[in-house]
Amino acid sequence: MRLVSTVELMAIRERVHNKLTPFERPVDDVTFGVIQQADSEFRNWYKTWDHAFSQKYEDAGTAEPPGTTPDLLC
């Protein structure tokens, strides 16, 4: 289960990095759109796997990742 969740996380990270290249271009609305989409994908990944791990390990807590807020990019 950890392997699958890690591979899915790496796939999200790769998509984000690919969309943000080349690194020499200016930061614009497209860049912020990519970042907002990435934030959404990371949050969805976290909720999905937090739930899955909580079902498998009953003593696992369910909470937002440390240091995050619900509207981080707003």
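Be aware that the sequence shown starts at -8, since it is given in the numbering used here, and climbs by one per residue. Beta carbons are placed, not taken as given, at the ideal position from N, Cα and C, and that holds for glycine.
Check whether the Cβ atoms of residue i and residue j sit closer than 8 Å, and answer yes or no.
i: V33; j: I3; result: The sequence shown places Phe at residue 33, rather than the Val named in the question. Yes, they are a contact pair.
i: V25; j: L11; result: yes
Give the straight-line distance between the Cα atoms of residue i and residue j, rounded to the nearest whole angstrom.
i: V(-2); j: R16; result: 29 Å
i: K47; j: K38; result: 14 Å
i: D30; j: E49; result: 27 Å
i: F14; j: S45; result: 38 Å
i: M1; j: W40; result: 14 Å
i: V18; j: N9; result: 15 Å
i: C65; j: V21; result: Any reading at C65 needs caution, since the residue's pLDDT is 46, under 50, leaving its predicted position unreliable; the model's value is listed next. The alpha-carbon atoms of C65 and V21 are separated by roughly 16 Å.
What span of residues does the alpha helix (DSSP H) with residue i cover, start to end?
i: M1; result: R(-7) to L11
i: V25; result: D20 to K47
Among the candidates the options, whose CA atom is the shortest distance from the CA of residue i?
i: R(-7); options: E49, A43 and D50; result: A43
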